[in-house]
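Heads up, the thing below is written out as C-alpha coordinates.
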Amino acid sequence: MVLLCKRMLTGAIVTFFTLLSYHQGAQAQESTSQIGQQSAPLMETIQNSGQNQQNIPQFSASPLSNSVEVASDISQPLHNVESSQPNSLQPSVSSQQIIIGGDVPNIQTSQNIEQTAPNTAQSLPALQLANGGESASSSPQINASVSHDLSPIGMFLAADWVVKSVMIGLALASVATWTIWLVKTVEISSAKRKARIALHAVNYSGSLSELSTAMKEQSSIGADLVLAAEKEVQASLAVLDEAGVDGLKERLGSVLSRLVAGAGRRMSFGTGPLATIGAISPFVGLFGTVWGIMNSFIGISQAHTTNLAVVAPGIAEALLATAIGLVAAIPAVIIYNIFARSITGYRQQLVDVSAGIERLVSRDLDYRKVRQKNSSHPNLSIAAE
(Lines of atoms letter the chains of each structure in order from A and count residues from 1; the text may use other names and numbers.)
(Lines give C-alpha, C1' and ligand atoms only; values in the text may rest on other atoms or scores of the structure.)
Protein backbone atom coordinates (compact mmCIF):
# COMPACT_ATOMS: atom_id res chain seq x y z
CA MET A 1 0.00 0.00 0.00
CA VAL A 2 2.89 2.37 0.82
CA LEU A 3 4.48 1.59 -2.56
CA LEU A 4 1.18 2.36 -4.31
CA CYS A 5 0.92 5.69 -2.51
CA LYS A 6 4.49 6.58 -3.50
CA ARG A 7 3.77 5.75 -7.14
CA MET A 8 0.59 7.84 -7.12
CA LEU A 9 2.44 10.77 -5.55
CA THR A 10 5.29 10.51 -8.08
CA GLY A 11 2.83 10.41 -10.98
CA ALA A 12 1.00 13.47 -9.66
CA ILE A 13 4.26 15.42 -9.33
CA VAL A 14 5.39 14.47 -12.85
CA THR A 15 2.00 15.46 -14.30
CA PHE A 16 2.11 18.79 -12.48
CA PHE A 17 5.55 19.73 -13.76
CA THR A 18 4.65 18.57 -17.29
CA LEU A 19 1.62 20.89 -17.35
CA LEU A 20 3.77 23.68 -15.91
CA SER A 21 6.39 23.23 -18.65
CA TYR A 22 3.68 23.24 -21.31
CA HIS A 23 2.27 26.48 -19.91
CA GLN A 24 5.68 28.13 -19.83
CA GLY A 25 6.37 27.03 -23.42
CA ALA A 26 3.11 28.63 -24.50
CA GLN A 27 4.11 31.87 -22.76
CA ALA A 28 7.50 31.78 -24.54
CA GLN A 29 5.84 31.38 -27.94
CA GLU A 30 3.53 34.28 -27.14
CA SER A 31 6.56 36.43 -26.22
CA THR A 32 8.21 35.52 -29.55
CA SER A 33 5.13 36.57 -31.50
CA GLN A 34 5.04 39.87 -29.59
CA ILE A 35 8.70 40.49 -30.52
CA GLY A 36 7.89 39.89 -34.18
CA GLN A 37 4.96 42.29 -34.03
CA GLN A 38 7.08 44.95 -32.36
CA SER A 39 9.88 44.48 -34.95
CA ALA A 40 7.54 45.23 -37.88
CA PRO A 41 7.15 48.98 -37.12
CA LEU A 42 10.91 49.17 -36.62
CA MET A 43 11.52 47.83 -40.13
CA GLU A 44 9.07 50.36 -41.58
CA THR A 45 10.84 53.14 -39.71
CA ILE A 46 14.22 52.08 -41.11
CA GLN A 47 12.93 51.81 -44.67
CA ASN A 48 11.17 55.18 -44.56
CA SER A 49 14.11 56.97 -43.02
CA GLY A 50 15.94 59.13 -45.58
CA GLN A 51 18.04 61.28 -43.42
CA ASN A 52 20.90 58.94 -42.50
CA GLN A 53 21.38 56.94 -45.69
CA GLN A 54 24.91 56.02 -44.77
CA ASN A 55 23.86 54.41 -41.51
CA ILE A 56 21.08 52.44 -43.08
CA PRO A 57 23.21 49.30 -43.71
CA GLN A 58 23.52 48.65 -39.97
CA PHE A 59 19.69 48.54 -39.95
CA SER A 60 19.57 46.23 -42.91
CA ALA A 61 17.74 42.93 -43.04
CA SER A 62 20.72 41.17 -41.59
CA PRO A 63 20.53 42.87 -38.16
CA LEU A 64 16.78 42.53 -38.21
CA SER A 65 17.08 38.87 -39.05
CA ASN A 66 19.59 38.60 -36.24
CA SER A 67 17.05 40.17 -33.93
CA VAL A 68 14.49 37.62 -35.04
CA GLU A 69 17.07 34.89 -34.52
CA VAL A 70 17.73 36.32 -31.08
CA ALA A 71 14.02 36.07 -30.37
CA SER A 72 14.03 32.45 -31.49
CA ASP A 73 17.12 31.84 -29.36
CA ILE A 74 15.31 33.36 -26.41
CA SER A 75 12.29 31.10 -26.89
CA GLN A 76 14.39 27.93 -26.85
CA PRO A 77 15.84 28.38 -23.33
CA LEU A 78 12.35 29.09 -22.12
CA HIS A 79 11.32 25.61 -23.30
CA ASN A 80 14.13 24.14 -21.23
CA VAL A 81 12.81 25.49 -17.94
CA GLU A 82 11.93 21.99 -16.74
CA SER A 83 15.65 21.06 -16.89
CA SER A 84 16.04 23.18 -13.68
CA GLN A 85 18.69 25.56 -15.17
CA PRO A 86 17.11 29.00 -14.83
CA ASN A 87 20.45 30.85 -14.50
CA SER A 88 21.43 30.07 -18.12
CA LEU A 89 18.60 32.17 -19.51
CA GLN A 90 19.79 35.63 -18.47
CA PRO A 91 23.29 35.50 -20.04
CA SER A 92 21.93 34.27 -23.38
CA VAL A 93 19.58 37.22 -23.60
CA SER A 94 21.91 39.91 -22.32
CA SER A 95 24.80 38.86 -24.58
CA GLN A 96 22.69 39.24 -27.71
CA GLN A 97 20.62 42.32 -26.94
CA ILE A 98 19.37 44.31 -29.94
CA ILE A 99 21.54 47.42 -30.28
CA ILE A 100 20.19 49.64 -33.01
CA GLY A 101 21.60 53.02 -32.04
CA GLY A 102 19.61 56.07 -31.44
CA ASP A 103 16.61 56.54 -29.23
CA VAL A 104 14.37 53.88 -30.60
CA PRO A 105 11.22 53.33 -28.50
CA ASN A 106 11.08 49.64 -29.28
CA ILE A 107 14.42 49.00 -27.55
CA GLN A 108 12.38 48.22 -24.38
CA THR A 109 11.46 44.89 -25.95
CA SER A 110 14.78 43.26 -25.03
CA GLN A 111 14.45 44.61 -21.51
CA ASN A 112 10.99 43.15 -21.24
CA ILE A 113 12.39 39.85 -22.43
CA GLU A 114 15.14 40.04 -19.83
CA GLN A 115 12.54 40.70 -17.14
CA THR A 116 10.17 38.01 -18.36
CA ALA A 117 12.72 35.23 -18.74
CA PRO A 118 14.18 35.34 -15.22
CA ASN A 119 10.72 35.63 -13.70
CA THR A 120 9.61 32.64 -15.71
CA ALA A 121 12.76 30.73 -14.90
CA GLN A 122 12.41 31.52 -11.21
CA SER A 123 8.83 30.23 -11.10
CA LEU A 124 9.92 26.58 -11.10
CA PRO A 125 12.15 26.84 -8.00
CA ALA A 126 9.39 28.77 -6.29
CA LEU A 127 6.93 26.00 -7.06
CA GLN A 128 9.46 23.42 -5.95
CA LEU A 129 9.94 25.35 -2.73
CA ALA A 130 6.18 25.53 -2.27
CA ASN A 131 5.87 21.81 -2.84
CA GLY A 132 8.70 21.21 -0.43
CA GLY A 133 6.90 23.35 2.12
CA GLU A 134 3.74 21.35 1.64
CA SER A 135 5.61 18.10 2.07
CA ALA A 136 7.39 19.51 5.10
CA SER A 137 4.11 20.68 6.57
CA SER A 138 2.46 17.35 5.85
CA SER A 139 5.23 15.33 7.48
CA PRO A 140 4.32 16.43 11.03
CA GLN A 141 0.78 15.21 10.41
CA ILE A 142 2.09 11.79 9.44
CA ASN A 143 4.41 11.76 12.42
CA ALA A 144 1.52 12.78 14.64
CA SER A 145 -0.55 9.91 13.34
CA VAL A 146 2.31 7.49 13.93
CA SER A 147 2.65 8.65 17.54
CA HIS A 148 -0.12 6.30 18.71
CA ASP A 149 0.60 4.24 21.81
CA LEU A 150 0.56 0.71 20.38
CA SER A 151 1.05 -1.00 23.74
CA PRO A 152 -1.88 -3.20 24.90
CA ILE A 153 -2.91 -0.64 27.54
CA GLY A 154 -2.61 2.25 25.09
CA MET A 155 -4.68 0.44 22.45
CA PHE A 156 -7.30 -0.41 25.10
CA LEU A 157 -7.58 3.23 26.19
CA ALA A 158 -7.86 4.40 22.56
CA ALA A 159 -10.49 1.82 21.59
CA ASP A 160 -14.20 2.41 21.12
CA TRP A 161 -16.50 1.88 24.11
CA VAL A 162 -18.01 -1.24 22.52
CA VAL A 163 -14.56 -2.74 21.98
CA LYS A 164 -13.62 -1.75 25.53
CA SER A 165 -16.69 -3.55 26.86
CA VAL A 166 -15.77 -6.67 24.91
CA MET A 167 -12.19 -6.55 26.19
CA ILE A 168 -13.30 -6.08 29.80
CA GLY A 169 -15.76 -8.97 29.54
CA LEU A 170 -13.13 -11.26 28.07
CA ALA A 171 -10.62 -10.22 30.74
CA LEU A 172 -13.15 -11.05 33.47
CA ALA A 173 -13.80 -14.40 31.78
CA SER A 174 -10.09 -15.13 31.81
CA VAL A 175 -9.88 -14.24 35.51
CA ALA A 176 -12.85 -16.53 36.20
CA THR A 177 -11.15 -19.34 34.29
CA TRP A 178 -8.00 -19.20 36.37
CA THR A 179 -10.00 -18.84 39.60
CA ILE A 180 -12.00 -21.97 38.78
CA TRP A 181 -8.80 -23.77 37.90
CA LEU A 182 -7.24 -22.94 41.27
CA VAL A 183 -10.32 -23.86 43.34
CA LYS A 184 -11.22 -27.02 41.45
CA THR A 185 -7.64 -28.24 41.37
CA VAL A 186 -7.49 -28.15 45.17
CA GLU A 187 -10.96 -29.71 45.49
CA ILE A 188 -10.39 -32.55 43.03
CA SER A 189 -6.96 -33.33 44.42
CA SER A 190 -8.33 -33.57 47.97
CA ALA A 191 -11.32 -35.69 46.90
CA LYS A 192 -9.17 -38.12 44.92
CA ARG A 193 -6.79 -38.49 47.85
CA LYS A 194 -9.69 -39.36 50.19
CA ALA A 195 -11.12 -41.78 47.63
CA ARG A 196 -7.79 -43.58 47.45
CA ILE A 197 -7.72 -43.89 51.23
CA ALA A 198 -11.27 -45.30 51.25
CA LEU A 199 -10.44 -47.78 48.50
CA HIS A 200 -7.38 -48.91 50.42
CA ALA A 201 -9.50 -49.45 53.55
CA VAL A 202 -12.10 -51.45 51.59
CA ASN A 203 -9.47 -53.69 50.08
CA TYR A 204 -7.93 -54.46 53.48
CA SER A 205 -11.17 -54.94 55.45
CA GLY A 206 -12.72 -58.37 56.04
CA SER A 207 -16.22 -57.21 56.92
CA LEU A 208 -18.45 -54.17 56.89
CA SER A 209 -17.92 -53.64 60.62
CA GLU A 210 -14.16 -53.46 60.18
CA LEU A 211 -14.53 -51.01 57.33
CA SER A 212 -16.90 -48.86 59.42
CA THR A 213 -14.35 -48.75 62.22
CA ALA A 214 -11.56 -47.75 59.82
CA MET A 215 -13.65 -45.01 58.15
CA LYS A 216 -15.24 -43.64 61.31
CA GLU A 217 -12.76 -40.80 61.79
CA GLN A 218 -12.86 -39.68 58.15
CA SER A 219 -15.19 -37.17 56.56
CA SER A 220 -15.38 -38.17 52.93
CA ILE A 221 -17.62 -39.78 50.38
CA GLY A 222 -16.14 -43.15 51.36
CA ALA A 223 -17.40 -42.77 54.91
CA ASP A 224 -20.83 -41.74 53.56
CA LEU A 225 -20.98 -44.89 51.43
CA VAL A 226 -20.14 -47.12 54.41
CA LEU A 227 -22.73 -45.37 56.58
CA ALA A 228 -25.43 -45.74 53.90
CA ALA A 229 -24.65 -49.46 53.53
CA GLU A 230 -24.95 -50.02 57.31
CA LYS A 231 -28.31 -48.23 57.43
CA GLU A 232 -29.73 -50.29 54.57
CA VAL A 233 -28.60 -53.56 56.12
CA GLN A 234 -30.11 -52.65 59.50
CA ALA A 235 -33.40 -51.65 57.85
CA SER A 236 -33.61 -54.98 56.00
CA LEU A 237 -32.78 -57.33 58.91
CA ALA A 238 -36.40 -57.72 59.99
CA VAL A 239 -37.48 -59.20 56.64
CA LEU A 240 -34.16 -60.68 55.62
CA ASP A 241 -35.02 -64.21 56.70
CA GLU A 242 -38.36 -64.20 54.89
CA ALA A 243 -37.54 -62.15 51.75
CA GLY A 244 -34.00 -63.31 51.15
CA VAL A 245 -30.87 -61.36 50.30
CA ASP A 246 -31.63 -60.48 46.69
CA GLY A 247 -33.80 -57.52 47.61
CA LEU A 248 -31.18 -56.21 50.02
CA LYS A 249 -28.43 -56.37 47.40
CA GLU A 250 -30.60 -54.55 44.88
CA ARG A 251 -31.52 -51.78 47.29
CA LEU A 252 -27.94 -51.45 48.47
CA GLY A 253 -26.64 -51.13 44.90
CA SER A 254 -29.23 -48.43 44.15
CA VAL A 255 -28.34 -46.40 47.24
CA LEU A 256 -24.61 -46.58 46.62
CA SER A 257 -24.93 -45.72 42.91
CA ARG A 258 -27.00 -42.62 43.76
CA LEU A 259 -24.38 -41.47 46.23
CA VAL A 260 -21.62 -41.97 43.66
CA ALA A 261 -23.58 -40.05 41.01
CA GLY A 262 -24.25 -37.20 43.44
CA ALA A 263 -20.57 -36.97 44.35
CA GLY A 264 -19.67 -36.82 40.65
CA ARG A 265 -22.18 -34.02 40.04
CA ARG A 266 -20.87 -32.02 42.96
CA MET A 267 -17.34 -32.44 41.71
CA SER A 268 -18.37 -31.31 38.20
CA PHE A 269 -19.96 -28.15 39.58
CA GLY A 270 -18.03 -25.12 38.34
CA THR A 271 -16.62 -26.72 35.22
CA GLY A 272 -19.60 -25.70 33.07
CA PRO A 273 -18.50 -22.05 32.85
CA LEU A 274 -15.17 -23.25 31.50
CA ALA A 275 -16.92 -24.91 28.58
CA THR A 276 -19.00 -21.79 27.99
CA ILE A 277 -15.98 -19.49 28.10
CA GLY A 278 -14.02 -21.74 25.77
CA ALA A 279 -16.90 -21.88 23.29
CA ILE A 280 -18.01 -18.24 23.06
CA SER A 281 -14.88 -16.21 23.86
CA PRO A 282 -13.44 -16.40 20.30
CA PHE A 283 -16.75 -15.25 18.84
CA VAL A 284 -17.06 -12.40 21.34
CA GLY A 285 -13.53 -11.32 20.46
CA LEU A 286 -14.39 -11.56 16.77
CA PHE A 287 -17.38 -9.30 17.35
CA GLY A 288 -15.08 -6.72 18.94
CA THR A 289 -12.69 -7.02 16.00
CA VAL A 290 -15.44 -6.52 13.42
CA TRP A 291 -16.74 -3.50 15.30
CA GLY A 292 -13.26 -2.00 15.57
CA ILE A 293 -12.52 -2.51 11.87
CA MET A 294 -15.81 -0.82 10.99
CA ASN A 295 -14.75 2.19 13.06
CA SER A 296 -11.35 2.14 11.35
CA PHE A 297 -12.96 2.28 7.91
CA ILE A 298 -15.15 5.16 9.05
CA GLY A 299 -12.04 6.99 10.25
CA ILE A 300 -10.31 6.35 6.91
CA SER A 301 -13.25 7.82 5.02
CA GLN A 302 -13.26 10.91 7.23
CA ALA A 303 -9.48 11.40 6.98
CA HIS A 304 -9.53 10.92 3.17
CA THR A 305 -6.32 8.90 3.29
CA THR A 306 -5.24 5.28 3.15
CA ASN A 307 -1.89 5.90 4.80
CA LEU A 308 -0.80 2.89 6.83
CA ALA A 309 0.06 5.15 9.76
CA VAL A 310 -3.61 6.18 9.92
CA VAL A 311 -5.08 2.73 9.30
CA ALA A 312 -2.79 0.60 11.49
CA PRO A 313 -3.76 1.86 14.99
CA GLY A 314 -7.48 1.20 14.54
CA ILE A 315 -6.92 -2.26 13.09
CA ALA A 316 -4.47 -3.09 15.88
CA GLU A 317 -7.04 -2.07 18.49
CA ALA A 318 -9.64 -4.26 16.79
CA LEU A 319 -7.35 -7.27 16.59
CA LEU A 320 -6.52 -6.89 20.28
CA ALA A 321 -10.10 -7.96 21.07
CA THR A 322 -9.61 -11.22 19.17
CA ALA A 323 -6.29 -11.79 20.92
CA ILE A 324 -7.91 -11.36 24.34
CA GLY A 325 -10.72 -13.71 23.29
CA LEU A 326 -8.20 -16.39 22.37
CA VAL A 327 -6.30 -15.81 25.61
CA ALA A 328 -9.54 -16.43 27.51
CA ALA A 329 -10.74 -19.37 25.39
CA ILE A 330 -7.64 -21.52 24.96
CA PRO A 331 -6.85 -21.99 28.69
CA ALA A 332 -10.55 -22.54 29.43
CA VAL A 333 -10.78 -25.41 26.94
CA ILE A 334 -7.55 -27.00 28.16
CA ILE A 335 -8.53 -26.73 31.84
CA TYR A 336 -12.02 -28.08 31.12
CA ASN A 337 -10.59 -31.17 29.42
CA ILE A 338 -8.16 -31.74 32.30
CA PHE A 339 -10.95 -31.48 34.85
CA ALA A 340 -13.20 -33.78 32.81
CA ARG A 341 -10.56 -36.51 32.84
CA SER A 342 -9.85 -35.97 36.55
CA ILE A 343 -13.53 -36.13 37.50
CA THR A 344 -13.98 -39.28 35.42
CA GLY A 345 -11.09 -40.87 37.31
CA TYR A 346 -12.60 -39.76 40.63
CA ARG A 347 -15.96 -41.30 39.76
CA GLN A 348 -14.23 -44.53 38.86
CA GLN A 349 -12.56 -44.57 42.27
CA LEU A 350 -15.94 -44.11 43.96
CA VAL A 351 -17.41 -46.91 41.85
CA ASP A 352 -14.59 -49.16 43.05
CA VAL A 353 -15.30 -48.21 46.69
CA SER A 354 -19.02 -48.88 46.18
CA ALA A 355 -18.31 -52.26 44.62
CA GLY A 356 -16.01 -53.13 47.54
CA ILE A 357 -18.73 -52.27 50.06
CA GLU A 358 -21.28 -54.43 48.20
CA ARG A 359 -18.76 -57.21 48.21
CA LEU A 360 -18.29 -56.93 52.00
CA VAL A 361 -22.06 -56.89 52.61
CA SER A 362 -22.51 -59.95 50.43
CA ARG A 363 -19.77 -61.71 52.37
CA ASP A 364 -21.45 -60.85 55.70
CA LEU A 365 -24.77 -62.20 54.43
CA ASP A 366 -23.16 -65.46 53.45
CA TYR A 367 -21.59 -65.78 56.89
CA ARG A 368 -25.01 -65.11 58.43
CA LYS A 369 -26.52 -68.04 56.54
CA VAL A 370 -23.75 -70.31 57.67
CA ARG A 371 -24.27 -69.18 61.26
CA GLN A 372 -27.94 -69.92 61.07
CA LYS A 373 -27.19 -73.44 59.84
CA ASN A 374 -24.46 -73.99 62.32
CA SER A 375 -25.05 -72.09 65.53
CA SER A 376 -21.71 -73.34 66.82
CA HIS A 377 -19.93 -70.54 64.97
CA PRO A 378 -20.91 -67.34 66.84
CA ASN A 379 -18.13 -65.25 65.34
CA LEU A 380 -19.77 -65.31 61.89
CA SER A 381 -22.19 -62.43 62.13
CA ILE A 382 -22.76 -59.28 60.19
CA ALA A 383 -21.76 -55.89 61.48
CA ALA A 384 -25.36 -54.79 62.01
CA GLU A 385 -25.87 -57.39 64.71
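Here the sequence shown stands for residues -28 to -1, 1 to 357, where the numbers follow mature numbering (1 follows the signal peptide of the UniProt record, and there is no 0). C-beta atoms are modelled at their ideal positions from N, C-alpha and C, and glycine is treated no differently. Small disclaimer: the values here were computed from a predicted structure and weren't measured.
Alpha-carbon spacing of residue i relative to residue j, whole angstroms
| i | j | result |
| --- | --- | --- |
| Y304 | D218 | It should be pointed out that residue 304 corresponds to Ala in this sequence rather than to Tyr. For A304 and D218, the distance between alpha carbons rounds to 47 Å. |
| G178 | L332 | 7 Å |
| A288 | D132 | 12 Å |
| N267 | G260 | 11 Å |
| G271 | I152 | 41 Å |
| I265 | G141 | 19 Å |
| A143 | A163 | 30 Å |
| A247 | G257 | 16 Å |
| A281 | V134 | 23 Å |
| residue 368 | L231 | A question about residue 368 goes unanswered here, because the residues of the chain that appear run from -28 up to 357. |
| F255 | N279 | 29 Å |
| R168 | A215 | 35 Å |
| G328 | T157 | 27 Å |
| D196 | T149 | 31 Å |
| S181 | V174 | 11 Å |
| Q320 | A293 | 41 Å |
Under 9 Å between C-beta atoms of residue i and residue j
| i | j | result |
| --- | --- | --- |
| A145 | I249 | yes |
| I296 | M187 | no |
| K166 | S137 | no |
| I253 | A300 | In the sequence as displayed, the identity of residue 253 is Ser instead of Ile. Yes, they are a contact pair. |
| Y318 | G236 | yes |
| L337 | L212 | yes |
| M239 | I310 | no |
| W263 | A284 | no |
Reduced DSSP secondary structure (H/G/I, E/B, other) of residue i
| i | result |
| --- | --- |
| V323 | helix |
| A301 | helix |
| T221 | This sequence places Lys at residue 221; Thr is not what is there. Note: K221 maps to helix in three-state DSSP. |
| A131 | coil |
| S192 | coil |
| H276 | coil |
| T243 | coil |
| Y176 | coil |
| S162 | helix |
| S123 | coil |
| G286 | helix |
| W153 | helix |
| G234 | helix |
| N267 | helix |
| G141 | helix |
| N309 | helix |
Residue burial classification, residue i (beta-carbon count within 10 angstroms, cutoff 16)
| i | result |
| --- | --- |
| F241 | exposed |
| Q206 | exposed |
| V342 | exposed |
| G194 | buried |
| L129 | exposed |
| A170 | buried |
| R313 | exposed |
| F269 | exposed |
CB contact check: residue i to chain C, cutoff 9 Å
| i | result |
| --- | --- |
| F269 | Among the chains of the structure shown, chain C does not appear; only one protein chain is present. |
Worksheet item: Does the stretch 182 to 202 come within contact of the stretch 214 to 228, defined as at least 3 CB pairs closer than 8 Å?
Response: Segment contact: the stretch 182 to 202 against the stretch 214 to 228, three or more CB-CB distances shorter than 8 Å; contact assigned.
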